[in-house]
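Here it is as structure tokens:
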């Protein structure tokens with residue numbers, strides 16, 4: 001079991017928690033709705049990436065551990081949600097680490113399947129954000145990427161950083177860790193100092 | 001022509017009717033919108049299942065009868081909709097039989113493609129509900145699974161029942177019929193006695 | 001480089017512009033959101049068609065020119081949007097030519113993959129309209145097909161015209177140009193004379 005695999009399972013678990021918690025303020029919420037939302041949030045991005053790249057079987061279909069990680073996330077949310085809601089900062093850090101990890105894993109996977117770097121960056125961003133986008137579309141929210149302005153943009157910067165370092169011949173671990181840290185740092189600074197992406201229409 | 005094939009065609013026809021009728025209260029509705037909605041409602045769930053499982057060609061692409069069953073459903077809705085709207089109970093029964101059938105057919109198909117039972121259950125539920133979810137997302141409604149509380153949960157119970165009986169060595173017909181009946185009975189009782197799934201956040 | 005290839009690139013460019021401009025009236029808009037929306041609008045329809053038909057690799061993954069055409073559309077919108085908003089009639093013409101082209105290219109591609117004419121027509125319509133539908137669903141708008149009534153219907157007429165001429169043994173160019181013109185003419189007349197598709201429920 002590689003460190004990366006453990007991180008991916010932890011990332012899926014964290015995404016399931018944030019997915020289930022997203023149902024908190026919905027008028028209609030029950031066990032099924034919360035579980036479904038947690039599931040979609042966790043696997044949506046990677047699933048879309050793999051469908052676009054024709055990479056089968058899908059990760060969560062061939063590796064049942066993913067499903068159990070999601071179930072654990074749902075259960076933990078159910079039992080500890082009052083506690084979790086007081087941990088907003090910790091959750092934010094978990095979510096940020098999750099999107100950083102998913103971006104780089106997604107970029108790398110696409111690259112290994114032989115696509116061009118531009119496409120690999122798109123796949124990395126999709127892996128990280130599309131689960132949340134699908135969740136928001138399903139619950140009739142404005143998708144996260146239109147709200148939290150420096151969110152997908154941080155993923156974009158991280159994917160570019162990874163591709164650049166990879167191109168410059170950096171070792172895979174150096175590229176992986178640097179790019180992930182870049183995403184985490186950008187998002188923390190963005191929230192701390194209320195950075196926004198420039199408006200498109202002035 | 002097996003009984004199951006005939007049932008699937010009837011199920012598709014029923015889903016097309018309920019899809020077209022869903023446009024009744026939309027501000028904007030016309031022939032194209034109603035047909036499109038009927039089509040998406042009927043084939044959405046099975047299509048998503050087959051894409052996730054990489055099972056090609058898609059059923060409605062290789063078997064044109066599906067398309068004609070949907071067209072028939074649209075035409076019947078157009079001609080008889082006033083009559084149909086008075087038949088709410090009959091329609092409810094049709095829809096319930098439809099989701100029961102689609103759940104078990106979906107579970108079985110996934111199982112035959114060699115996935116684990118947990119994944120097969122997810123695929124069964126997706127087959128039954130995702131057409132309605134996609135329809136609701138497209139028409140800006142809160143998806144059905146967040147509203148009708150014991151809807152997807154009935155499908156879940158039916159899929160588990162099928163997998164259990166299959167595992168215990170029951171004949172395929174016994175498993176199929178028992179699991180379908182379970183879904184139908186749960187949904188009828190749920191509507192009759194206003195059962196709800198327990199809230200996730202208390 | 002065939003004329004059709006150049007037209008497809010121009011069509012993608014035009015769709016990217018109309019996708020980015022669709023963010024104009026959104027409360028939340030920034031560089032990332034506008035670029036993402038332009039991207040989804042341009043490639044959504046063709047991507048869905050290719051996934052449904054299991055036709056891989058996806059066009060924009062194997063041909064990077066598509067990505068650059070989209071980027072050019074985003075940049076042109078950013079620089080010239082005030083000018084573009086005064087060009088509503090020109091943009092309408094561009095968009096109409098875009099959907100005409102995408103409909104016929106999509107129908108033809110499906111036909112070449114060996115599906116039945118009915119399915120090819122559905123694929124042609126999907127190629128033209130689903131990018132806009134996905135964009136509208138993501139930005140919480142009522143999808144375009146429910147609003148602009150003679151929009152998808154024009155695509156449907158064009159696809160049928162192409163299939164009919166093809167069946168009658170017309171040369172491919174004759175069928176292509178006639179069917180495209182039919183879509184363009186229907187849409188222009190529909191907007192000019194406020195044609196609407198008959199209501200489904202009277």
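Protein chains in written order, with the UniProt record's numbering: chain A, 1 to 202; chain B, 1 to 202; chain C, 1 to 202. Glycine included, C-beta positions come from ideal geometry on N, C-alpha and C.
The beta-carbon of residue 146 of chain C is placed no less than 9 Å from the nearest beta-carbon of chain A. Secondary structure within the segment 56-112 of chain C: not one fully enclosed beta strand (DSSP E) run of 3 or more consecutive residues is present.
Not a single C-beta of chain C is nearer than 9 Å to the C-beta of residue 109 of chain B.
At a cut-off of 9 Å between beta carbons, residue 122 of chain C contacts chain B.
Around the beta carbon of residue 135 of chain B, 16 or more other beta carbons sit within 10 angstroms, so the residue counts as buried. Look at residue 179 of chain C here: in three-state DSSP terms it is helix. When only Cα atoms are considered, residue 107 of chain A and residue 71 of chain A end up about 26 Å apart. Judged by their CB atoms, residue 41 of chain A and residue 131 of chain A are nearer to each other than the 9 Å cut-off.
Membership of residue 159 of chain A in the alpha helix (DSSP H) is indicated by the continuous run 152-167. When CB distances to chain A are screened at a threshold of 9 Å, the residues of the segment 141-170 of chain B falling below it are 141, 142, 143, 145, 146, 147, 149, 150, 151, 152, 153, 156, in chain order. Of the residues A:123, A:34, A:139, A:202, the one whose Cα lies closest to the Cα of residue 49 of chain A is A:123. At least one CB atom of chain C sits nearer than 9 Å to the CB of residue 200 of chain A. Chain C places no beta carbon closer than 9 Å to that of residue 176 of chain B, leaving this residue out of the contacts. Taking each of A:171, A:23, A:177 in turn and checking the Cα distance to residue 97 of chain A, the smallest one comes out for A:177. Taking 9 Å as the cut-off, the beta carbon of residue 17 of chain B is found closer than this to the beta carbon of residue 77 of chain B. Relative to residue 44 of chain A, the option among A:120, A:74, A:128 whose CA is nearest is A:128.
The beta carbon of residue 115 of chain A sits closer than 6 Å to no other beta carbon from its chain once the five residues preceding and following it are set aside.
Listed by position along chain C, the residues whose Cβ is nearer than 7 Å to that of residue 116 of chain A are 64. Rounded to whole angstroms, the separation of the alpha carbons of residue 151 of chain B and residue 99 of chain A is 32 Å. When C-alpha distances from residue 138 of chain C are compared across C:15, C:89, C:34, the shortest belongs to C:34. Under the criterion of beta carbons closer than 8 Å, residue 161 of chain B and residue 179 of chain B qualify as touching, at roughly 4 Å. Within chain B, the residues placing a beta-carbon under 8 Å from that of residue 196 of chain C are 30, ordered along the chain. Residue environment for residue 198 of chain B: exposed (fewer than 16 other C-beta atoms within 10 angstroms of its C-beta). The C-beta of residue 187 of chain A has 16 or more other C-beta atoms within 10 Å across all chains shown, which makes the residue buried.
Excluding the 5 residues flanking it on each side, residue 74 of chain A has same chain C-beta neighbours closer than 7 Å at 16, 20, 34, 35, 38, in chain order.
Interface criterion not met: the Cβ of residue 80 of chain C is under 9 Å from no Cβ in chain A. Interface with chain A (9 Å Cβ-Cβ cutoff): residue 54 of chain B is included.
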